[in-house]
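From first to last, the protein sequence lines stand for chains A and B.
Letter 50 of the first sequence, counting from 1, is numbered 50 in my numbering, and no numbers are missing.
In short: position in the second sequence from 1, add 1000, done, that's my numbering.
Ideal Cβ positions, reconstructed from N, Cα and C, are used throughout, including at glycine.
See structure below.
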Amino acid sequence: MKKLFLLLLIFIAASTFADDIPGYSGYVNDYAQLITEKDKTSMEEVAKEVEEKTGAQIAVLTVKSMSPYTSIDQFGMAVAEKWKVGEKDKDTGIIIILTMEERQVRIEVGYGLEGIINDAKAGRIIDNNMMPYFRGGDFSAGFRRGLFKIADIIGNEMNVELDERTKMDNNVTETLCMVIFFIFIAYIFVMMIRRMNNAKRTGRRYYGSSFGTMYPGYGHGRGGFGGFSSRGCGGFGGGGFGGFGGGGFGGGGASRGF
Amino acid sequence: MKNKGLMIVLIIVAVVAIIFGWYISTRNSLVTLDEQTSSTWAEIDNQLQRRSDLIPNLVNTVKGYAKHESDVFNNVAEARSKLAGATTVEEKADGYNQMQSALGRLLAIAENYPELKSNTNFQALQDELAGTENRISVARKRYNDSVRTFNTKIKVFPSSIVAGNMGFEKKSYFEIADSARAVPQVQF
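As structure tokens, this is what we get:
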């Protein structure tokens, strides 16, 4: 029995090694390490929002090399068949794939999205939204713009309002967040000075624990800032990825070399 | 003595029931496999048709820039009509191969006409063509896989007996020439 179990284990191990397709751990799977933490977070938030509102799933994969596969089309299909991105039966999945060594990028479109994003459109997204950044070596921004564009198209076609973020550049959001953050800090500062002045007048010392009682959220570390991430400001996790749904692919999409 | 006779009858009945059950289930699985090859084949057919539908548009776009390359246009038209007339798997595969080389030459023309290459309509058509070709290759793989399963099942004993009774025959693979892809990769 023990031997059988061991044999089974070896078999499982062997079969996973033989499998050349990497697994997924979220919407964005950056094995080639091209995407910044900040972009990853905002991409995952947008992907999450798209899934919640439309059921469509957007996945991202970057790998250093796609070997032993020789064409991005075959590699993309193998990934699609393994990951099964998209809602089951509706097949609304889409995967953006990049392989660094072979310098290929592909958008793999599931059956259910072929009507919304046909091959020509997929090609245009790569050409217009991703390639300009890729040429400058900014892969992270290229992926961000590509994913936002796809989210925007899906949102429009399915008649749902997505967060404005998909339309504006991250930098704009960032500036906005910075402004909000500074106002927040300034407010705390003013309040503290006021209280200290008050304290001087009444003769009470006002240091130490006062900070925590004034702003309970701050006292608990990240708690007070949690609200930011939902508006796209912070880097506090995209959270709540529930796995891909079982969508089918038939080889639609477009590929480019860069 | 009487009991023994009853036992024998019971055993015979049980054996017959088991064989009968096996026969039915094998038969059903063969029918399912047969259906699978038909449905996967339908997908290839679909995509071949889709590609044929794209071609007039593509040819017209290229003609706008390279009128005099009539040889190439004729080749494409010929391959298209051949494919339209094909009925069996082999004929379609033949037509596909001929179309592949005709399209390869058509797209090679584009290399000599920079204006055509940068025409957005042409680029869109090229993407559609590449996508369709990729769909054909995906459908082809699925079809060939289902044919392989089917062919194995009807050849291997004991399911071969059932297949023989039902008159199932080996199905053909959709085989295509190993030549270069018709659609060149778009490079930047």
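Return the CA-CA distance between residue i and residue j, expressed in angstroms with no decimal places.
i: A/Phe184; j: A/Glu44; result: 26 Å
i: A/Gly26; j: A/Asp138; result: 22 Å
i: B/Ala1093; j: A/Asp89; result: 31 Å
i: B/Ala1066; j: B/Gln1049; result: 26 Å
i: A/Met178; j: A/Ala186; result: 12 Å
i: B/Thr1152; j: B/Glu1115; result: 52 Å
i: B/Met1099; j: A/Glu49; result: 44 Å
i: B/Thr1040; j: B/Asp1145; result: 9 Å
i: B/Asn1057; j: A/Ile72; result: 27 Å
i: B/Leu1010; j: B/Val1147; result: 41 Å
i: A/Gly232; j: A/Lys40; result: In this prediction, A/Gly232 has a pLDDT of 46, which is less than 50 and means its spatial position is unreliable; what the coordinates show is noted afterwards. So the two alpha carbons sit approximately 12 Å from each other.
i: B/Ile1176; j: B/Gln1047; result: 15 Å
i: A/Ile21; j: B/Asn1028; result: 34 Å
i: A/Ser210; j: A/Ser42; result: Low confidence applies to A/Ser210: its pLDDT is 46, below 50, so where it sits in the model is not reliable enough to give any reading.
i: B/Val1156; j: A/Ala151; result: 50 Å
i: B/Phe1073; j: B/Glu1111; result: 16 Å
i: A/Ala80; j: B/Ala1042; result: 21 Å
i: B/Val1076; j: B/Val1059; result: 8 Å
i: A/Ile117; j: A/Ile107; result: 10 Å
i: B/His1068; j: B/Ala1084; result: 26 Å
i: B/Val1016; j: B/Glu1169; result: 27 Å
i: B/Asn1134; j: B/Arg1080; result: 18 Å
i: A/Gly115; j: A/Asn29; result: 26 Å
i: A/Phe181; j: A/Ser140; result: 25 Å
i: B/Leu1006; j: B/Ala1014; result: 12 Å
i: B/Ile1154; j: B/Phe1020; result: 18 Å
i: B/Asn1003; j: B/Ile1012; result: 14 Å
i: A/Met191; j: A/Asp163; result: 33 Å
i: A/Thr36; j: A/Gly123; result: 24 Å
Any idea which residues DSSP pairs residue i with across the strands?
i: A/Ser255; result: A/Arg106
i: A/Leu98; result: A/Thr62 and A/Val105
i: A/Gln57; result: A/Gly93
i: A/Phe249; result: A/Gly110
i: A/Asn29; result: A/Leu61
Using a Cβ-Cβ cut-off of 6 Å (strictly less than) and excluding sequence neighbours within five positions of residue i, which residues of its own chain qualify?
i: A/Phe75; result: Met66 and Tyr69
i: A/Met214; result: Because A/Met214 carries a pLDDT of 47, less than 50, the predicted location of this residue cannot be relied on, and the following value inherits that uncertainty. So the list is empty, once near-sequence residues are dropped.
i: B/Ile1018; result: none
i: B/Val1186; result: Because the pLDDT at B/Val1186 is just 49, under 50, the model does not fix this residue reliably, and the point stays unresolved.
i: A/Ala14; result: At A/Ala14 the pLDDT is 47, less than 50, meaning the model places this residue with poor confidence and gives no usable figure here.
i: B/Ile1008; result: none
i: A/Leu113; result: Thr92 and Ile94
Within the same chain, show all residues whose beta-carbon is closer than 8 Å to that of residue i, passing over the 5 residues directly before and after it, in chain order.
i: B/Ala1086; result: Lys1092, Asp1094 and Gly1095
i: A/Thr54; result: Thr92, Ile154, Gly155, Met158 and Val160
i: B/Ser1118; result: none
i: A/Phe339; result: With chain A represented from 1 up to 258, any question about residue 339 of chain A goes unanswered, as that position is not in the structure.
i: A/Phe258; result: Arg103, Gln104, Val105, Met131, Phe134 and Arg135
i: B/Val1162; result: Tyr1023, Thr1026, Arg1027 and Leu1030
i: B/Thr1061; result: Leu1116, Asn1119, Asn1121, Phe1122 and Leu1125
i: B/Thr1132; result: Gln1047, Arg1050, Arg1051 and Leu1054
i: B/Val1089; result: Trp1041, Lys1171, Ser1172, Tyr1173 and Phe1174
i: A/Leu147; result: Met43, Val46, Ala47, Ile58, Val60 and Ile96
i: A/Gly247; result: Gln57, Lys84, Val85, Gly86, Glu87, Lys88, Lys90, Asp91, Thr92, Gly93, Gly110, Tyr111 and Gly112
i: A/Leu34; result: Thr62, Leu98, Met100, Phe139, Ser140 and Phe143
Among the residues of its own chain, which have a CB less than 7 Å from the CB of residue i, if the five just before and after it don't count?
i: B/Ile1044; result: Ile1136, Ala1139, Arg1140, Tyr1143 and Phe1174
i: B/Phe1150; result: Leu1033, Asp1034, Thr1037 and Lys1171
i: B/Glu1128; result: Leu1054
i: B/Tyr1113; result: Tyr1065 and Ala1066
i: A/Asn197; result: none
i: B/Gly1164; result: none
Between the options, which lies nearest to residue i when the distance is taken from Cα to Cα?
i: A/Val46; options: A/Gly110, A/Ile58, A/Glu37 and A/Gly112; result: A/Ile58
i: A/Gly242; options: A/Phe143, A/Glu51, A/Thr41 and A/Ile126; result: A/Glu51
i: A/Gln104; options: A/Arg145, A/Thr62, A/Tyr111 and A/Thr41; result: A/Thr62
i: B/Leu1030; options: B/Gly1167, B/Ile1176 and B/Ala1177; result: B/Gly1167
i: A/Gly250; options: A/Gln33, A/Met77 and A/Asp119; result: A/Met77
i: A/Met260; options: A/Asn197, A/Arg194 and A/Tyr31; result: The requested residue 260 of chain A is not part of the displayed model; chain A covers only 1 to 258.
i: A/Lys149; options: A/Asn29, A/Gly110 and A/Ile125; result: A/Ile125
i: A/Ser255; options: A/Ala80, A/Ala120, A/Glu114 and A/Gly110; result: A/Ala120
i: B/Asp1071; options: B/Ile1012, B/Leu1006, B/Arg1105 and B/Thr1088; result: B/Arg1105
i: A/Asp127; options: A/Phe143, A/Leu162, A/Gly252 and A/Glu114; result: A/Phe143
i: A/Asn129; options: A/Arg145, A/Asn118 and A/Gly253; result: A/Arg145
i: A/Gly252; options: A/Thr36, A/Gly110, A/Gln33 and A/Ile35; result: A/Gly110
i: B/Lys1063; options: B/Glu1169, B/Gly1005, B/Val1015 and B/Ile1109; result: B/Ile1109
Mind listing the chain E neighbours of residue i? Cutoff is C-beta to C-beta under 7 Å, in chain order.
i: A/Asp163; result: The structure shown contains no chain E; the protein chains it does contain are A and B.
**Request:** Just list the alpha helix (DSSP H) runs in the region 1119-1170 of chain B, keeping only unbroken ones of 4 residues or longer that don't cross its boundaries, in chain order.
**Result:** Listed in chain order, the complete alpha helix (DSSP H) runs (minimum 4 residues) inside the region 1119-1170 of chain B are 1120-1155 and 1159-1166.
**Prompt:** Taking the runs of the alpha helix (DSSP H) that are 4 residues or longer, which of them lie wholly in the region 1034-1102 of chain B?
**Reply:** As far as the region 1034-1102 of chain B is concerned, its whole alpha helix (DSSP H) runs of at least 4 residues are 1070-1085.
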